[in-house]
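Q: The opening residue of the sequence shown carries number -9 in our numbering; numbering runs sequentially from there.
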Amino acid sequence: MNTERIISNTEDFVKETLINAEGGHDWFHILRVWNTAKLISKDENVNGFVVELGALLHDIADSKFHAGDETIGPKIAREFLESQLVDDSIIIHIENIISNISFKSSLPADRGGNFKQKFNSRELEVIQDADRLDAIGAVGIARTFNYGGSKNRPLYNPEISPNLNQSKEAYKNSEAPTINHFYEKLLLLKDRMNTKTGKKIAEERHLFMETFLQQFYKEWEGKL
Ligand code: ADP
Ligand code: NI
């Protein structure tokens, strides 16, 4: 396998596939995650080829943009990687990464608390950290309001409190104000990082979000 060639073909394939993607889940999100995953990998004992392919393909067909279908991402990735003659053991690893990277997949499937069987590998953990880092800090804030805007959600409503015990279904179908998403996900990510490098970067981005929220409420309440 010519791994460099495959990575470059994967880059082209992902860019083309995500051409009309929502601003927070577009090629530039993939590029940031790819770069951050490479950075985190420097201090980790991982298969760099798997990390790069996984980072590039992790949002190739996000279920929330495909009528909730969680099988389509791994399927598209497999078809593409087969066309590149990638070893089947690596394809299986990439399918598992795509199916398990999401914050949603760590939520209970229903209120009874049926946790989905979770695949794990250090390569998945590195990509998951890179993806989570892109959800917090300044870029994370921008992405969150862009996503909320794309769903026509209000910025904030003091009468609607965040819900920290949502099932996976409720989380996906939420129509809550975008500020609630900070409490339901973004502020929780710092304590869920898998790697040392990830934790370190997350600390700073977390503080920035706290400052942002303080300023937001101050302005909202008209405290000049
Ligand atoms: P995951 O793939 O880990 O489940 P998502 O793809 O749902 O994460 O979320 C990625 C980013 O999309 C979030 O960090 C946020 O910026 C935005 N987003 C997702 N769901 C919401 C939401 N309900 N409100 C606002 N932003 C959201
Ligand atoms: Ni992502």
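No residue lacks a Cβ here, since even glycine has one placed at the ideal position from N, Cα and C.
What is the rounded straight-line gap between the Cα of F206 and the Cα of G212?
A: Straight-line Cα distance between these residues: approximately 10 Å.
Q: Please confirm whether I87 and E113 have their CB atoms less than 8 Å apart.
A: It is a contact, given that the beta carbons lie within the stated cut-off.
Q: Starting from the Cα of G188, find the closest Cα among A51, D119, T(-7) and give me that residue.
A: With distances taken between Cα atoms, G188 lies closest to D119.
Q: If you run the structure through DSSP and keep just helix, strand and coil, what is R195?
A: Helix.
Q: How would you write the range of the alpha helix (DSSP H) that V116 sits in, first residue to last?
A: Residues 112 to 123.
Q: Just to confirm my understanding: we take W17, look at its own chain, exclude 5 residues before and 5 after, and list those with CB closer than 6 Å. What are they?
A: Once the five neighbours on either side are set aside, the close Cβ partners of W17 are K5, L8.
Q: If we call anything under 8 Å between Cβ atoms a contact, is M199 one with L178?
A: Contact flag unset, no.
Q: In whole angstroms, what is the alpha-carbon distance linking N35 and L145?
A: If you take the alpha carbons of N35 and L145, they lie about 41 Å apart.
Q: Which complete alpha helix (DSSP H) runs does the region -6 to 48 hold, if anything under 4 residues is left out?
A: Those alpha helix (DSSP H) runs which fall completely within the region -6 to 48 and span 4+ residues are 17 to 31, 38 to 47.
Q: If you drop the 5 nearest sequence neighbours on each side, which residues of the same chain put their C-beta closer than 6 Å to that of F3?
A: The residues are F70.
Q: Report the CB separation of E42 from I91 in whole angstroms; it is logged as a contact under 8 Å.
A: That belief does not hold up - the Cβ atoms of E42 and I91 are roughly 14 Å apart, past 8 Å.
Q: Taking Cβ to Cβ, would you say A45 is nearer than 8 Å to I66?
A: For A45 and I66, no; Cβs fall outside 8 Å.
Q: Cβ of K94 within 8 Å of Cβ of K158?
A: Yes. Within cutoff.
Q: Can you tell which of I62, R122, K108 has the C-alpha that lies nearest to the C-alpha of A222?
A: Because the chain in this structure spans residues -9 to 214, residue 222 falls outside the shown range and cannot be described.
Q: In three-state DSSP terms, what is P64?
A: In this structure, P64 counts as helix in the three-state DSSP scheme.
Q: Tell me the residue span of the alpha helix (DSSP H) that contains D78.
A: That run of the alpha helix (DSSP H) goes 78 to 90.
Q: Relative to the C-alpha of Y137, which residue among H171, I117, I150, S151 is closest?
A: Nearest C-alpha to Y137: H171.
Q: In the structure shown, what three-state DSSP assignment does F109 receive?
A: If DSSP states are grouped into helix, strand and coil, F109 belongs with coil.
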